[in-house]
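All residue numbers for the sequence shown refer to the UniProt record's numbering, where the first residue is 1 and numbers rise by one.
Ideal placement from N, C-alpha and C gives every residue a C-beta, glycine not left out.
None of these values were measured; they are calculated from a predicted model.
Comments concern the structure below.
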Amino acid sequence: MLPNTGMKRGRRVGVGMAMTSLLLVAGCSSSGGVGGADNPPPAPPADLVFSVKENTKNVKPDQRLTVKAEDGELVMVRLTGADGKVVPGKVVDGVWSTSADTRLVPNAPYRWAATAKNEEGEVSRREVAFTTLKPKVEATYRVTPDGVTVGVGMPVMVTFDSAVSSPQMRADVEKRMRIKVTPAQKGSWGWLDERQFMWRPDSYWKPGTKIKVSAPLTGVSTGTDKWVTEDKGAEFSIADRARIMRVDLASHVMSVSDDGRRIASYPISAGRATPSWETRSGTKVITEKHAEYVMDSGTLGVSEGDPNYYRTEVKYAMRVTNTGEFLHAAPWSVWAQGRRNVSHGCVNLGPSAAAQLYRGTIVGDVVEFTGSSRRMKPGDGLSVWLFSAKEWRARSALAKKAPRPTPTSASPTSSGSPSGSSSDQASEGPQDQETGPTTSETTTP
């Protein structure tokens, strides 16, 4: 019995050892097989994500555009308009974007291309086409004067045909303006109302100054669904002499100075001392010249049959306000010139004096009026010189506490001067060669 028992136990031990060996071999074989097949998966391609979808038709001109690469990094971004101009952008934290000040051309096609690479250097490319919205209203404007030589009192004027609706919009318009003054002179933009702003130096222009103005306003919004669709600009010169005329309404005398030297003095008669006809005190600027001009009180609402009605053709007329004040020849009042104020608001001169003044004066020359209790107000004419330099700078839309411009409803004429009364229209005779900025106007002889 033992031998048999011993043999059986020996077989069991042998079998157990054999099984253990098989398990060890199997374990080693299995481990070696898995380790040989463990390769890393390929990197995913970079995915370019644009903020505007393909063929979008109503992108706002002031919309900020972005593009980024997911699972990669940007290599190149190019945004191009129909004119071939590239819209600038900048990559920050892996995202390319236009700046907050970028403005696209309204109602225009754009192509937007980008490339990116993933971590293995594989390049992805994508392109998007879109179109900016078509404005419901085009914001039209003018920059004046342009291409002329003017006197030392003429400001740069930017006049919109409709209101620039909000303070933020006015600031956006103003900050884009560029002006080059040679020689350099300190000055500022200022708003007279919601449609018009001007640049003037702190004091009158230096004689011989050259001014170049750029208005890169395309894509700027000036109201609900209202956008500027074109850039504009202007260049003009200041005369090589500083002509300043001074009218003393109390002593009935007008003096003329060039570069600080008095060259002439004339007796005058101005507006009679009534609320309607008294000539305004204040610093005015000649805005028009006419060899002949028809003064019609109908522009003031005075109809035929009224004792105050008149319709008179005058010579050598030089406009100084939108309310109808001119310097002009008045042979009928020579008896009063130098003695009394008898006109309906204009400055009357003798025929020879008016002719001499007319020949030597240009649009933009300054006329300073004193001696009247009636003050010129903003909107009565080119009123930029009614303000001190400090007061004028405060009218900038970029000033810390910019005053709210006076709302206006009148539409200026195509020549683009400050706003006046929309109901007052002048009846004109033959015009001479010089005409400056005008608006709705009245006439008083």
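Going by C-alpha positions, T370 is about 22 angstroms away from R200. Residue pairing from DSSP leaves L65 without any beta-bridge partner. The shortest C-alpha to C-alpha distance from A100 to any of G324, W392, V220 and R280 is the one to V220.
In the same chain as E230, and ignoring 5 residues on each side of it, the C-beta atoms closer than 7 angstroms to its own belong to T218, in chain order. Listed in chain order, the beta strand (DSSP E) elements of length 3 or more contained wholly in the stretch 105-137 are 109-117 and 123-132.
In terms of Cβ geometry, A329 and G301 do not form a close pair [threshold 9 angstroms].
If you draw a straight line from the Cα of H252 to the Cα of E288, it is about 23 angstroms long. With fewer than 16 other Cβ atoms from the protein chains shown falling within 10 Å of its own Cβ, Y309 counts as exposed. L74 and P42 have their C-alpha atoms some 20 angstroms from each other. Remark: fewer than three beta-carbon pairs, one from each stretch, lie closer than 8 angstroms, so the stretch 381-391 and the stretch 252-268 are not flagged as touching. In the structure shown, Y309 adopts coil according to DSSP, grouped into three states. In the displayed model, Q185 falls within coil according to three-state DSSP, outside both helix and strand. Relative to the Cα of A116, the nearest Cα in the group K68, V294 and S214 belongs to K68. For Q196, the enclosing beta strand (DSSP E) starts and ends at Q196 to P201. Segment contact: the stretch 254-263 against the stretch 163-173, fewer than three CB-CB distances shorter than 8 angstroms; contact not assigned. Using a Cβ-Cβ distance cut-off of 8 angstroms, the stretch 141-149 and the stretch 226-241 are in contact, since at least three pairs of beta carbons, one from each stretch, lie closer than that value.
Here the alpha carbons of D202 and E292 stand approximately 35 angstroms from one another. In the DSSP assignment, I211 forms a beta bridge with V181 and F236.
Note that the C-beta distance between D365 and V92 is not below 9 angstroms. Excluding sequence positions up to five before and after R241, its CB lies within less than 6 angstroms of the CB of P207, D258 and D259, all in the same chain and listed in chain order. Secondary structure at L48: strand, using DSSP grouped into helix, strand and coil. Look at D258 here: in three-state DSSP terms it is strand.
Rounded to the nearest whole angstrom, the C-alpha separation of P109 and K85 is 12 angstroms. According to the DSSP secondary-structure assignment, W191 is paired through a beta bridge with F197.
In this structure, the straight-line span from the alpha carbon of P331 to that of S214 is close to 46 angstroms.
Cβ-Cβ separation between A129 and E54: approximately 6 angstroms, consistent with a contact (criterion under 8 angstroms). With fewer than 16 neighbouring CB atoms inside 10 Å of its own CB, A250 falls in the exposed class.
Secondary structure within the UniProt domain "L,D-TPase catalytic" (243-370): the alpha helix (DSSP H) runs of 4 or more consecutive residues, fully enclosed, are 351-360 (chain order). By the Cβ-count criterion, R103 is buried, with 16 or more other Cβ atoms from all chains shown falling within 10 Å of its own Cβ. For E391, the enclosing alpha helix (DSSP H) covers residues A389 to R393.
Judged by beta-carbon spacing, V156 lies beyond the 9 angstroms limit of E194, meaning their Cβ atoms are not closer than that value. N341 is a Cβ neighbour of G271, given a cutoff of 9 angstroms. For R178 and R395, the gap between their C-alpha atoms comes out near 18 angstroms.
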